[in-house]
Amino acid sequence: MAAYWWECTTCEVKFDFLDVCESSGITHYIWDVLIPSSWEQSQLLKKCPECNNEALRITYVFPRANEMHIKVKHIVGLGPFDDVYVPMMWETIPDGSKDETMLDFKYINGRNILGLNKPAVLSKEDIRKLFQLYRDRTGDRDFP
Numbered sequence: 050m051a052a053y054w055w056e057c058t059t060c061e062v063k064f065d066f067l068d069v070c071e072s073s074g075i076t077h078y079i080w081d082v083l084i085p086s087s088w089e090q091s092q093l094l095k096k097c098p099e100c101n102n103e104a105l106r107i108t109y110v111f112p113r114a115n116e117m118h119i120k121v122k123h124i125v126g127l128g129p130f131d132d133v134y135v136p137m138m139w140e141t142i143p144d145g146s147k148d149e150t151m152l153d154f155k156y157i158n159g160r161n162i163l164g165l166n167k168p169a170v171l172s173k174e175d176i177r178k179l180f181q182l183y184r185d186r187t188g189d190r191d192f193p
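In our numbering, the protein residues as written are 50 to 193.
See the structure below:
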């Protein structure tokens, strides 16, 4: 399985990107679907071919001492800057948690996946913009 995949929150079946959408991987999905849709959040939940529930989410393993299995709830980003650099904020759901979410700040540089494994360094203004974009795209007005 690739570093990022689609996984059903209901039946827990895993799917490669090409089995669910026309993108070959996460960076292609960001460039070809999320950015052109202005970070449309409905693009982050798909129908499971196995159980037919609208329950597929992008999933990955967060590298800690004890690896965490993470599902993506929301992704918003700025840019692209210089036509390649896209800093992002991902709201994620740790495996086994129904109530807790975590924020993961990532970036991509073109279609290179390496930035997704490194933290994005953001100015205060960029963080404000990401938070505002998050509120706009998710409708969550309680977000800081």
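No residue lacks a Cβ here, since even glycine has one placed at the ideal position from N, Cα and C.
| Query | Result |
| --- | --- |
| Out of curiosity, what's the CA-to-CA distance linking residue 136 and residue 101? | 33 Å |
| Quick one: give me the first and last residue of the alpha helix (DSSP H) that residue 170 is part of. | It is not in any alpha helix (DSSP H) - residue 170 carries neither H nor E in the DSSP assignment. |
| Rounded to the nearest angstrom, what separates residue 154 and residue 59 at their Cα positions? | 27 Å |
| By how many angstroms is the C-alpha of residue 150 removed from the C-alpha of residue 141? | 5 Å |
| Give a yes or no on whether the C-beta atoms belonging to residue 182 and residue 88 are separated by under 8 Å. | yes |
| In chain order, what residues of the same chain have a beta carbon less than 7 Å from the beta carbon of residue 193, not counting five sequence neighbours either side? | 180 |
| Quick check on the burial criterion: 16 or more other C-beta atoms within 10 angstroms. Buried or exposed for residue 195? | The question about residue 195 has no answer here: the residues shown for the chain are numbered 50 through 193. |
| With the cut-off set at 8 Å, would you say residue 90 and residue 187 are in Cβ contact? | yes |
| Does the beta-carbon distance from residue 64 to residue 78 come in below 8 Å? | no |
| Please classify residue 106: is it buried, with 16 or more other beta-carbons within 10 angstroms of its beta-carbon, or exposed? | buried |
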